[in-house]
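Participant:
Numbering (full-length UniProt numbering), first residue to last: 1 to 191.
(1) Roughly how many angstroms lie between the CA atoms of residue 148 and residue 141, to the nearest whole one?
(2) Secondary structure at residue 187, three-state DSSP: helix, strand or coil?
(3) In three-state DSSP terms, what is residue 107?
(4) Kindly list the residues whose CB is nearer than 7 Å to the CB of residue 123, restricted to its own chain and excluding five residues on each side of it in sequence; keep chain order.
(5) Determine the contact status of residue 127 and residue 86, defining contact as a CB-CB distance below 8 Å.
(6) I need the DSSP call for residue 121, collapsed to helix, strand or coil.
(7) Between which two residues does the alpha helix (DSSP H) carrying residue 134 extend?
(8) Tell me where the beta strand (DSSP E) around residue 161 begins and ends.
(9) Buried or exposed for residue 91, going by 16 or more other Cβ atoms inside 10 Å?
(10) Within this structure, are the beta carbons of residue 93 and residue 153 separated by less than 8 Å?
(11) The beta strand (DSSP E) that contains residue 95, what's its start and end?
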């Protein structure tokens with residue numbers, strides 16, 4: 001009987017060791033070796049860096065107008081900016097805010113600066129390519145890049161929250177460049 005008990009005890013130890021080794025191998029395989037850079041470049045668009053100090057007209061010459069000629073002023077207190085796009089799009093595998101979205105960022109910054117009680121969620125999204133962990137990290141980097149751009153324009157950190165949905169909430173279905181381009185985004189959602 002003692003030989004049988006010793007054999008069973010050793011068999012249990014080997015089984016536990018094999019289970020731990022298998023679990024370790026599975027967890028190591030799930031780990032991501034992809035390292036995203038810590039910070040995307042954000043241009044300083046604060047009023048002290050704008051040329052001429054003409055009410056927000058910097059080097060881009062937009063003045064009081066937002067992206068695509070949408071008026072950036074005239075917001076009513078307590079309302080989210082109407083007639084202003086609420087989505088910033090990104091290039092593949094990138095979280096740098098593209099220059100064409102500076103007017104949109106400025107319009108939202110102006111609204112938030114004039115309505116300190118308002119809060120905005122910056123919801124980062126990615127296309128379907130890549131693993132879940134990588135896409136969650138990339139979506140967070142995109143949301144943080146928009147947050148930094150708004151902060152440079154004077155928006156308080158307490159008014160913004162950056163979150164990531166990764167590839168979990170696509171705006172467009174499909175496995176083609178058109179759908180992917182629509183899914184690489186940050187949505188500004190007011191609360």
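Positions of the beta carbon are idealized from the N, C-alpha and C atoms, including for glycine.
Computed from a prediction, not measured in an experiment: that's the story for all the values here.
Facilitator: On the basis of the data shown:
(1) 10 Å
(2) strand
(3) helix
(4) 143, 163, 165, 186, 187 and 189
(5) no
(6) Correct three-state label for residue 121: strand.
(7) 132-152
(8) That run of the beta strand (DSSP E) goes 160-166.
(9) Its Cβ having fewer than 16 others within 10 Å, residue 91 is exposed.
(10) No, these two residues do not count as a Cβ contact at 8 Å.
(11) Looking at the DSSP string, residue 95 is not in any beta strand (DSSP E), and its letter there is neither H nor E.
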